[in-house]
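For the sequence shown, counting from 1, position 11 maps to -3 in the working numbering; every step adds exactly one.
For glycine and all other residues, C-beta sits at the position ideal for the given N, C-alpha and C.
None of the values given here were measured: they were computed from a predicted structure.
Heads up, the thing below is written out as structure tokens.
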Amino acid sequence: MAYTWKPAGRNLYEIRDRKTGAVKWTATRVDLVFGSNSILRAYAEVYAQDDAREKFVADFVAAWTKVMNADRFDLK
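Laid out in structure tokens, this is it:
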């Protein structure tokens, strides 16, 4: 690996070149999560599109309903 990750604060990391020690990039924990998880990043990219508002709302409502009804045995 050409880089090392060093904490630079409570929620900030510096990506440093191993040879020179120079800071190449900075990243938050959220940046690292989205950068390391391709599936999560793909979902975020779909819902972040300008025309995806209705899709996000519909998918969120469907997921919320599924979770809220998961233990409602009186509905079956």
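Grab me the residues of residue i's own chain with a C-beta within less than 8 Å of its C-beta, minus the 5 sequence neighbours each way, in chain order.
{"i": "residue 19", "result": "26"}
{"i": "residue 38", "result": "32"}
Please name the residue or residues paired with residue i in a DSSP beta bridge.
{"i": "residue 11", "result": "1"}
{"i": "residue 41", "result": "BP columns for residue 41 are empty, so no partner."}
{"i": "residue -8", "result": "0"}
Would you grab the beta carbon distance between residue i and residue j for me? Rounded to a whole angstrom, and I think it's under 8 Å.
{"i": "residue -1", "j": "residue 13", "result": "5 Å"}
To which residues of the same chain is residue i closer than 6 Å at the C-beta, ignoring the five residues directly before and after it?
{"i": "residue 11", "result": "1"}
Give me, in chain order, the residues of the same chain whose beta-carbon lies closer than 7 Å to that of residue i; leave out the 5 immediate sequence neighbours on both sides.
{"i": "residue 40", "result": "none"}
{"i": "residue 3", "result": "-12, -11 and 10"}
In whole angstroms, what separates the C-alpha of residue i from that of residue j?
{"i": "residue 29", "j": "residue 15", "result": "18 Å"}
{"i": "residue -3", "j": "residue 59", "result": "42 Å"}
{"i": "residue 17", "j": "residue 36", "result": "21 Å"}
{"i": "residue -8", "j": "residue 57", "result": "44 Å"}
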